[in-house]
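Following: one structure in structure tokens, then a few remarks.
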Amino acid sequence: MQKRVLVIGGGGGGIGRATTDAFGNEGAAVMVADLDPHRAAEAADAVRAAGGTAYPIAGDVRSASGIEAMVAGAVEQLGGLDVLVTVVGGQVAFVPAVKLHEMTDEDWDTIYEVNLRYVVRAVQAALRVFLDQGTGGAIVSVGSVTGFMAAPEQAAYGVMKAGLLSLARTVAAEYARDGIRMNVAAAGAIATAVANANVDAEVVEEIPAGRFGRSEEVARAVVYLASDAASYVTGQQLVLDGGVSVRGPFG
Ligand SMILES: NC(=O)c1ccc[n+]([C@@H]2O[C@H](COP(=O)([O-])OP(=O)(O)OC[C@H]3O[C@@H](n4cnc5c(N)ncnc54)[C@H](O)[C@@H]3O)[C@@H](O)[C@H]2O)c1
Numbered sequence: 002m003q004k005r006v007l008v009i010g011g012g013g014g015g016i017g018r019a020t021t022d023a024f025g026n027e028g029a030a031v032m033v034a035d036l037d038p039h040r041a042a043e044a045a046d047a048v049r050a051a052g053g054t055a056y057p058i059a060g061d062v063r064s065a066s067g068i069e070a071m072v073a074g075a076v077e078q079l080g081g082l083d084v085l086v087t088v089v090g091g092q093v094a095f096v097p098a099v100k101l102h103e104m105t106d107e108d109w110d111t112i113y114e115v116n117l118r119y120v121v122r123a124v125q126a127a128l129r130v131f132l133d134q135g136t137g138g139a140i141v142s143v144g145s146v147t148g149f150m151a152a153p154e155q156a157a158y159g160v161m162k163a164g165l166l167s168l169a170r171t172v173a174a175e176y177a178r179d180g181i182r183m184n185v186a187a188a189g190a191i192a193t194a195v196a197n198a199n200v201d202a203e204v205v206e207e208i209p210a211g212r213f214g215r216s217e218e219v220a221r222a223v224v225y226l227a228s229d230a231a232s233y234v235t236g237q238q239l240v241l242d243g244g245v246s247v248r249g250p251f252g
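Going letter by letter, the sequence shown gives residues 2 to 252 in the working numbering.
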């Protein structure tokens, strides 16, 4: 059966858009949710132009009603929901990078809102739909190596990305028998507008693969984790980092 997929942040120029395209190429029906209505519409148009099925929805993940509307909109337009993907996130795109002792409460809360708070709400809403349908479901959140490797001046981001994996473990423990899975696709340095603007080119030297990753490489992992090929995989993190997190200090 054609999977019915909601991609939150699916209009984005980086991993979001690549994820939308990848699901479209797989023949899924995609609901593209994004803060930017033009991006959402463009991404949905591109899937349709390639012969697929997609609809845009504009909304802000920072509001509970925004998340409810995205999930309800997907269920209505797609006739149900099989897959939830959460892409929205980041630190440098949202607040200034500062050391921990300088970070304001306000900035910490912003990073919480756009990386973890909304994911909890979206997961809860999707779980209710999945349980109601009785046909299982898959959830994939785009995480980061910063969730398990410290990045200076990105304390809040790391804490929130670590929280995604904790959430996935809980979903695994509580809902595996309902056929519901949740996993994290944890990205390293990916060549997107945000990463390119903020990561020094010398970083490439530290990456065993010798290059940044591509958004499509993350998107393919997201599609795999959402697919039936990953039917026994839940509560896990799949790391897409070109070897960064496994390289020791010598040599
Ligand atoms: N780029 C990297 O190197 C990198 C590395 C590791 C992890 N990640 C993660 O990948 C994900 C995507 O990052 P990206 O840089 O590819 O972004 P992206 O280009 O996919 O854009 C994300 C989209 O989120 C939307 N968005 C922002 N705020 C929103 C809000 N409040 N409500 C609804 N939509 C909103 C934006 O409009 C944008 O279209 C993030 O979770 C990020 O933490 C990125």
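All C-beta atoms in this analysis are idealised placements derived from N, C-alpha and C, irrespective of residue type, glycine included.
Query, Result
"Selected residue, minimal CA-CA separation from Asp106, among Ala41, Ala192, Ala156", "Ala156"
"Residue environment, Arg212, which counts as buried when at least 16 other CB atoms sit within 10 Å", "exposed"
"Alpha carbon of Glu154 to alpha carbon of Leu101, nearest angstrom", "7 Å"
"Cβ neighbours of Lys4 in the same chain (closer than 6 Å, five flanking residues each side left out)", "Ala29, Asp83, Val84"
"Buried/exposed call for Ser246, threshold 16 Cβ in 10 Å", "exposed"
"N- and C-terminal bounds of the beta strand (DSSP E) containing Arg5", "5-9"
"Cβ-Cβ distance between Thr193 and Gly15 below 7 Å", "yes"
"Selected residue, minimal CA-CA separation from Gly81, among Met104, Gln92, Leu7, Val33", "Leu7"
"Contact between the stretch 144-152 and the stretch 117-133 (3+ Cβ pairs under 8 Å)", "no"
"Beta-carbon proximity check, Gly180 vs Gly137, cutoff 7 Å", "yes"
"Every unbroken alpha helix (DSSP H) inside the stretch 164-242 [4 residues or more]", "194-199, 216-227"
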